[in-house]
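Residue numbers (the working numbering), protein chains in the order written: chain Z, 67 to 728; chain F, 67 to 728. Okay, so here's the structure we're looking at.
There are 2 protein chains.
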Amino acid sequence: MEAATLQEMAHAIRFLAVDAILAAGEGHQGVPLGMAEIATVLAARHLRFDPLDPTWPDRDRVVVSNGHGSMLLYALLNLTGYAKISLDEVKRFRELGSHCAGHPEYDPAAGIETTTGPLGQGIANALGMAIAEAHLAARFGADLVDHRTWAFVGDGCLQEGVGQEVIQLAGHLRLGKLTFFWDDNAITDDGATRLSISEDVAERFRVAGWHVVEIDGHDLAAIDAAIVLAKADPRPSMIACRTTIARGVARLEGQRGGHSGKLFPADRDAMAATFGWTGAAFATPTAIAAAWRATAEPGRTARAAWSSRLAGADADRRALFERTMAGDLPAAWRPALQAHKARLADEGQAAFSIQTSSDVAALLYDIVPEMMVGCADLEAPTNHKRQLAAFDAADRAGRYIHCGVREHAMGSLANGLAAHGGVIPLAVTYLPFSDYERPAMRMAALMGLPVKFAFSHDSIGIGKNGPTHQPVEMLAGLRALPNMLVMRPADAVETAECWEIALDHRTGPVSLIFARQQLPMLRRDGGPDNRCRRGAYVLAEAEGGPRRVTLLSTGSEVQIALAARETLQAEGVPTAVVSMPCWELFEAQPADDRAAVLGPGTVRVAVEAAVKFGWERWIGESGGFVGMTGFGASGPADALYRHFGITAEAVVAAAWAGLASA
Amino acid sequence: MEAATLQEMAHAIRFLAVDAILAAGEGHQGVPLGMAEIATVLAARHLRFDPLDPTWPDRDRVVVSNGHGSMLLYALLNLTGYAKISLDEVKRFRELGSHCAGHPEYDPAAGIETTTGPLGQGIANALGMAIAEAHLAARFGADLVDHRTWAFVGDGCLQEGVGQEVIQLAGHLRLGKLTFFWDDNAITDDGATRLSISEDVAERFRVAGWHVVEIDGHDLAAIDAAIVLAKADPRPSMIACRTTIARGVARLEGQRGGHSGKLFPADRDAMAATFGWTGAAFATPTAIAAAWRATAEPGRTARAAWSSRLAGADADRRALFERTMAGDLPAAWRPALQAHKARLADEGQAAFSIQTSSDVAALLYDIVPEMMVGCADLEAPTNHKRQLAAFDAADRAGRYIHCGVREHAMGSLANGLAAHGGVIPLAVTYLPFSDYERPAMRMAALMGLPVKFAFSHDSIGIGKNGPTHQPVEMLAGLRALPNMLVMRPADAVETAECWEIALDHRTGPVSLIFARQQLPMLRRDGGPDNRCRRGAYVLAEAEGGPRRVTLLSTGSEVQIALAARETLQAEGVPTAVVSMPCWELFEAQPADDRAAVLGPGTVRVAVEAAVKFGWERWIGESGGFVGMTGFGASGPADALYRHFGITAEAVVAAAWAGLASA
């Protein structure tokens, strides 16, 4: 049996992609046909991977940021021997339940390092992975951490703003082990790229400090040489690959329709004739299949050597590495956090809400060295840097990433840090800017990544900066997102409890939402029982008779509910206050427990400095609501609360209105 | 009285800003102190404006994209004589109700062309304004339309992805009348810009096709010369102004604290000593004030000449121009749209939902020439281009903007088109990518701009492309946004009605949300009564007795509700179906009307292929809901509807469950 050539191996990607797309009846052939040579040379000559151990910590990471080109990835994974991407799965491309979904869906055990589809975010994830690698290499040494991050990148990824943020930031951070393959096919969905862009993309990367190599993306030797150069350069590398979209399908080659225009069996026949391909559908000729399987051998050897190094490492270092990569926290964090909470409850001091979060973070940083923090140019007002050094080109051991005014890249790179593993990412900005970060937060939720998103400046309480900086709808928007815990603590004790929940929560992201302003201490019980874990709880029970009114609130408005309760109690109305720091956790409680908290038959009034949207779930159709009905305004915070009628008096009035109509 | 110098005029900005910030007790002095010379030279030598007629259509547009520097704008407007920005207002800077809010708030009558604050969006608005100018000049001639757009730009604006999208797109479109003043002060909130960026920003603009001039931003002659060069160059111009942040306040000059560090009276005293300033607080010396007032004279003359040209123009051309700039629609649109609707109802054909929107758009394009459409590289699958030519560097008469894969810039430039006036913007993409555009949608809602946002691919109905491309929470997220009409029509007749509402709606944006898939025609009544205008209405009343069940639905699920109704009716349960294309309009109906539609005392079940969040408003705490509980999946659409249990059978079962517990 003659050894297969790289070109034949590349064609194997092409035919597997076309066969899968024909079977599915739809799909995007542009990328797998256009980037087949690139993927082949990467896998055969350079990629460090072991299909038998897909989650090997020191593997290279591969991201298909142009995620519609998913069949490029599935072909690569299938041909190199990843068990979860079997031929049966490829045959079920785009069918319900297949590991070969329309777009790659995060599953490291299958070799899928991140979910991609919304353009630009994949390369931001790759940036996060490269940061994680550089940082972990500094922590643990190159004998345990020394791998690369490779991303396949389309024109769309580089037009999206987040992609440009990535180019700036990766160049600035000089992440030399990050390499992009730009699929320079001069075509987007609308047609020629000249419809919407005129810039020299390669030059744009150079300006940002990248190493750029420009090649023919179908020239196997040129691809290899470019990768060799990329590996040798201390800057991140962009390999600009001039390609022909849908190369091989003559009818669509280089055309707009090459992207995802419908394929027919005749296209496959023509391509087979052109390339002299003898394989039947889904049948890669034996020699070529063998050559593909052989690409995994260097990685297997490297993996074995790595395992030996790990096994031979100092026991403490090994244990720390293994714990870190497994995502298990050191045991000391919980007692420390609980002691902190007990101290807070005992002292009973008012505190700036966002500061209560950074106090917890600063406490955790020393105990949980895998925490890394990104912040979008708001270090001082959010104050989550504390004792951390900056992660930058000079100091890879630093743990604080100055992300610049780039919220979207921040969120997406945090997803990349989490997907890489070994790092627990915290991303910090103001809540009004969460809209910029939201696309990344959605992906964290979809992937189930344990990213901690923290926000300050959560309401009109920020005052004079005005409505652009005052969230009113963002709480509702985040609560609507599946698989996202949204937590808005009312005081420093609740902050500590919410942070405890956040660290325990490993199946998805959390949003920790804080006020800018000072909040009084409402909770004086500092015991180990985490009341926030139930999502909502009776903070102050009705007195003097059966409960008639239930006031529901979160965050900075809980103090208003408590003040209203005082009045109502004085007026002879037994009134309870329920603090609801996390709706999602409350929703997950048994129905009876929920009912006991909400007080069936009582008049319910909610107070939150945000829109009502969603509150009907808890107050019912006839419940009262004191909050915002539109955007905020510029003025002192106390004047705004009065102006918008978010006061204890208004809550009392709403309660009486409810009692009157009950 | 000796004539004041430009330098003295610049100092007048400085002192007004510092006096206002001292009075407010807080504010951002960095920009007004750092860009005072730039603003002065612009206003005194180049800016085309008339404070006595702030909304003169042919005025230059000024955008302070670094919106925290709002006092730069207020000082400029006050000193040049805009009545709404009186000294009394400036003295109330950042107080509730002042026209001088913390960040500039859109009010053309005050000279405030757009709301800024969230960084990067201001320059995207400016891009839209420059597009509007170029297009209207092509439509109406340079005698009526010939003005420039100037933007003050901070480092943050250029780090945000949307800013980079703007750089690419503006360079591509060669908008020669767009000029940026980059406040190159090497400082952001975190400190030195080198913490987060290494690139040569000027070079980055050059790569994108911009004309760049690099100057000392405090050198009056250099600023003037640079503006002269900018005006002469056919490319958009970026004037890189090397500045000292907080120039004049010695304690903070060039420092991180210069941005918004607290000012004290002693800082003002020191600055007065440095600059030999004799004016008391808020008292600009007479000669300097007079020089500032005189800057408006050339504009007043230009405005008078322009008015003469307009008065002397052909009556039809003049009427068309005035109608267009007033935002009044030509009368013919409504009869045409209603005739279209009548025809659709008569024919009763099923149709692809997004296509029903582009059918309406294509009908309107010829009647409403002020409609311009932007699309983020999805021309073919959304099909809203139709007969429109592309707006590009070669054809300013074109009305379709290939925005590239840049949703955020698309939305923000649409806001700029609307803020400019004379253009009715429509921005089109898929609903799953609305998160990328959302920051712009929020600003449209906050400003009350009549932007039409249209979306296709609104649910799991898109099928095999999987959960990244399947909105589940986005309807709720948009419904939570104040001042945004969210409309999801159920068939082509509702599409026509929703479009009618959209064109009538001038006090805020609308979101028109369409499915990718084909929807049957449900409505056969094509009369002029626009039933969608009530937000929700009884599409099919219960028969055979008093209504016992009310099924509520929107968009592609209304057909499922109708099928469930058939079953329930057959089972002897009088059941109504309510179509709810627009919650916001329904909420605005009289309570009795709402109750009549919702059917008090009936069992209510909602069906929508999205999360339940927010539906409790209409179904109550105990109502049934058939929809999504999490993210979607990759698979054929019909399989997904079955998999997630969004079926007529499930709706029937939920109704029976409700009847059993009632």
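Note that the Cβ used here is the ideal one computed from N, Cα and C, for glycine as well. Every value quoted in this text rests on a predicted model; they were computed, and no experiment measured them.
Residue i: first and last residue of the uninterrupted beta strand (DSSP E) it sits in
i, result
"Leu618(Z)", "615-619"
"His165(F)", "Taken as a continuous stretch (DSSP letters only), His165(F) belongs to no beta strand (DSSP E), as it is neither H nor E."
"Thr245(Z)", "244-250"
"Leu578(F)", "576-579"
"Thr641(F)", "641-645"
"Val717(Z)", "Note, Val717(Z): premise wrong, no beta strand (DSSP E); alpha helix (DSSP H) at 714-727."
"Tyr140(Z)", "No beta strand (DSSP E) holds Tyr140(Z); the alpha helix (DSSP H) holding it covers 136-146."
Beta-ladder partner(s) of residue i, from DSSP
i, result
"Ile490(F)", "Met437(F)"
"Gln584(Z)", "Phe418(Z)"
"His277(F)", "Ser303(F)"
"His468(Z)", "Cys441(Z)"
"Met195(F)", "Bridge partners of Met195(F): none, in fact."
"Trp216(Z)", "Val128(Z), Thr245(Z)"
"Met31(F)", "For chain F, the structure presents residues 67 to 728; residue 31(F) sits outside this window and is missing."
"Lys518(F)", "Leu492(F), Val576(F)"
"Arg308(F)", "Asp250(F), Asp282(F)"
"Tyr603(Z)", "Ser645(Z)"
"Ala456(Z)", "Tyr466(Z)"
Residue i: first and last residue of the uninterrupted alpha helix (DSSP H) it sits in
i, result
"Met550(Z)", "Premise fails: Met550(Z) is in no alpha helix (DSSP H) and is neither H nor E."
"Tyr707(Z)", "703-709"
"Ala627(F)", "624-636"
"Ala336(Z)", "331-341"
"Gly237(Z)", "227-239"
"Cys564(F)", "558-570"
Residue-chain proximity (residue i, chain Z), Cβ-Cβ < 7 angstroms
i, result
"Leu138(F)", "no"
"Ile263(F)", "yes"
"Thr620(F)", "no"
"His284(F)", "no"
"Asn596(F)", "no"
"Leu72(F)", "no"
"Tyr496(F)", "no"
"Phe755(F)", "No answer is possible for residue 755(F): it lies beyond the span of chain F, which begins at 67 and ends at 728."
"Tyr502(F)", "yes"
"Leu547(F)", "yes"
"Asp173(F)", "no"
Beta carbon proximity, residue i to chain F, threshold 7 angstroms
i, result
"Ala705(Z)", "yes"
"Lys530(Z)", "yes"
"Gln234(Z)", "yes"
"Asp461(Z)", "no"
"Gly194(Z)", "no"
Whole-Å CB distance - residue i paired with residue j, under 8 angstroms assumed
i, j, result
"Val671(F)", "Val624(F)", "Wrong, their Cβ atoms sit about 13 angstroms apart, outside the cutoff."
"Glu265(Z)", "Gly227(F)", "About 15 angstroms separates the two Cβ atoms, so there is no contact after all."
"Lys150(F)", "Ala89(F)", "18 angstroms between Cβ atoms; not a contact."
"Ile305(Z)", "Ala291(Z)", "So it is not a contact: roughly 10 angstroms between Cβ atoms."
"Leu138(Z)", "Val129(Z)", "About 11 angstroms; that fails the 8 angstroms criterion."
Residue i in three-state terms, based on DSSP
i, result
"Glu179(Z)", "coil"
"Arg111(Z)", "helix"
"Ala672(Z)", "strand"
"Asp173(Z)", "strand"
"Leu395(Z)", "coil"
"Gly257(Z)", "strand"
"Ala298(F)", "helix"
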